[in-house]
Every structure is written in structure tokens, then in C-alpha cells.
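A.B. asks: Please read through the structure below; I'll follow up with questions.
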DNA sequence: CAACCGATGTGCT
DNA sequence: GCACATCGGTTGA
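Numbering (this note's numbering), first residue to last: 1045 to 1261.
Following this line, the structure appears as C-alpha cells:
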């Protein structure tokens, strides 16, 4: 295995949709104040384009204090609370208001600590495939919260960054499908294929059988 | 398996 | 008020 290389500003200088695909196979790394390191491979992402995209936080160019990080330079962390108790973690891209949601990871390092960060009721019975298979599960496992991580520059931060360890994800392994949890009031945007995942990964949050079948035919 | 539901805070209308 | 880029539990086919 190659030694991992940290991703820089130049690496992440990408438009939203390209970044979503580029991030598949890369590593998300979190260093805690205790010095412990958590690491996972990104296996599922979603693109939120802003502007025309009705499912986006920044639909119609809406800009507020809460979604400001999406307007900051590519590689800025955008963490927001949803449903009153969960967080979602995004990375801003080059287009103003656009970002990539990280939806699932394959846990690689600090797995026992990740389990502790997930619901306390799960007394060590959590499988690796259930640790980070969802946008908010991933935040819990990686100890990512709005107060700790929002607005961090992940190309400079000492507590949150991305790495490339040379494991390439080739195009044929990538499935695209509609995004998860988008209300039908978003119209066509609820169906637009802006979710991407690694087809062979058991760590994906939700599979799209039809899209997977279409890959091989 | 799927469908449904309650928990729960924030920022809009 | 109400909608929400969710999760974890329960119910029922």
C-alpha cells in the first residue's frame, strides 16, 4: 500500500459533480483532541448544485449565515443540523453555493472508537457495515458536529482532511442514481442522478438495484 | 424484506 | 406553524 498523500487546494478545485465522483475511494481523516485518528474510505457521495437545484440548501441563490460555507472556496466544510438531532457533512466545490454530501464510508482506522461514538445502546454489536452507512451515521462515528467542524478548510485543518492512498476507483465501478430523501416537491431534481457510489462496496447506505443492473447490460 | 412512526432543533413562511 | 439532504425501532406481509 502506498503512503497516503494529503489532498490540497489544487486537488479539490473541482466543480460539484466532478468532485462527487473524484471523492469516491479517497480517505476521510479525523484527528481528535485526544490524538486519536479516525479514518474511512469514501464510498458514497451526493452532489448539490445550488442555483436551479431545488433540493439544494442554496436553491435560487439563497444565502444565509447557516449555508455560508457553501459560498467559500472549494474544500470548505459545511456541517448542518437536520431533523433536529443529526448532522450532515458537505465539502464546498468551485461553484458558489454548490457542495458534495458525504453519505457513506468504509471504516478503516479507529473502528472501536467509532463504535463508541454511535448510539450507546449498541453495546459493541454494530457491524462495520452499519457504522458509517448514512450521512448522519458517518458524522456520529467520525465525531463531526457543527460546532467542531463547520467552516473548516479541509486542505489546511489539523483535525479534518482528505487523503489519497492510491486506491483508484475506475468508472465501471461507479453507479449513479437519484439522491436519497429528496421530497417530490423538488420535481425533476428529486430524480436527477446526482448520487454516486462504489457498486462493490457493502458500506453503501442504500442500493439502487435497477441502476446497478443497467451498469452491466 | 417494506412501510410507518416518533424523536427533536432550526430557520424559514 | 411547518418542513426538513435521518435514524432506530416496531409492525406486518
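Note that beta-carbon positions come from the ideal geometry of N, C-alpha and C, so glycine has one too.
As the structure is a prediction and not an experimental result, all values here were calculated from the model.
Looking at the unbroken alpha helix (DSSP H) that takes in residue 1151, where does it start and where does it end?
C.D. replies: No alpha helix (DSSP H) contains residue 1151, which is instead part of the beta strand (DSSP E) from 1143-1153.
A.B. asks: With a Cβ-Cβ cutoff of 9 Å, do residue 1209 and residue 1080 count as a contact?
C.D. replies: Contact: no.
A.B. asks: Give me whichever residues DSSP pairs with residue 1071 in a beta bridge.
C.D. replies: Paired residue(s): 1085 and 1207.
A.B. asks: Could you pull the start and end residues of the beta strand (DSSP E) that residue 1193 belongs to?
C.D. replies: Run containing residue 1193: none in the beta strand (DSSP E); it sits in the alpha helix (DSSP H), 1190-1193.
A.B. asks: Near residue 1145, what residues of its chain come up, given a Cβ to Cβ distance below 7 Å and the 5 sequence neighbours on each side ignored?
C.D. replies: Cβ neighbours of residue 1145 beyond the five flanking positions: 1089, 1090, 1092, 1132, 1134 and 1179.
A.B. asks: From residue 1216 to residue 1102, what distance separates their C-alpha atoms?
C.D. replies: Answer to the nearest angstrom: the Cα atoms are 31 Å apart.
A.B. asks: Under the DSSP definition of a beta bridge, which residues are partnered with residue 1218?
C.D. replies: 1242.
A.B. asks: Hey, residue 1099 and residue 1230: beta-carbon distance below 9 Å or not?
C.D. replies: Closer than 9 Å, so yes.
A.B. asks: Thinking C-alpha only, which one of 1119, 1095, 1124 and 1118 is nearest residue 1109?
C.D. replies: Cα-wise, what sits closest to residue 1109 is 1124.
A.B. asks: Tell me, please, whether the stretch 1136-1155 touches the stretch 1053-1061 by the rule of three or more beta-carbon pairs shorter than 8 Å.
C.D. replies: Flag = yes, the stretch 1136-1155 and the stretch 1053-1061 touch.
A.B. asks: State yes or no: is the C-beta of residue 1186 within less than 9 Å of the C-beta of residue 1119?
C.D. replies: Contact flag unset, no.
A.B. asks: Is residue 1226 helix, strand or coil when you go by DSSP?
C.D. replies: The answer is coil: DSSP assigns residue 1226 none of H, G, I, E or B.
A.B. asks: Judging by CA-CA distance, which residue of 1219, 1207 and 1225 is the nearest neighbour of residue 1053?
C.D. replies: Checking every option, the nearest Cα to that of residue 1053 belongs to 1207.
A.B. asks: Is it right to say residue 1181 is buried, meaning 16 or more other beta carbons lie within 10 angstroms of its own, or is it exposed?
C.D. replies: It counts as buried.
A.B. asks: CA-CA distance, residue 1149 and residue 1104?
C.D. replies: Between residue 1149 and residue 1104, the C-alpha separation is close to 31 Å.
A.B. asks: When DSSP labels each residue in this structure, what does residue 1184 get in the three-state scheme?
C.D. replies: Helix at residue 1184.
A.B. asks: Rounded C-beta distance between residue 1076 and residue 1153? I'm assuming under 8 Å.
C.D. replies: Contact doesn't hold; Cβ gap of about 12 Å is too wide.
A.B. asks: Within the continuous beta strand (DSSP E) that includes residue 1121, where are the two ends?
C.D. replies: Run containing residue 1121: 1121-1126, per the beta strand (DSSP E) assignment.
A.B. asks: Considering only residues of the same chain and omitting the five flanking positions on each side of residue 1193, which have a CB-CB separation below 8 Å?
C.D. replies: These residues qualify, in order along the chain: 1121, 1123, 1133, 1203 and 1204.
A.B. asks: Report the option in 1171, 1117 and 1252 whose CA atom is closest to the CA atom of residue 1219.
C.D. replies: That would be 1252, whose Cα lies nearest to the Cα of residue 1219.
A.B. asks: Can you tell me where the beta strand (DSSP E) holding residue 1132 begins and where it ends?
C.D. replies: First-last of the beta strand (DSSP E) with residue 1132: 1130-1136.
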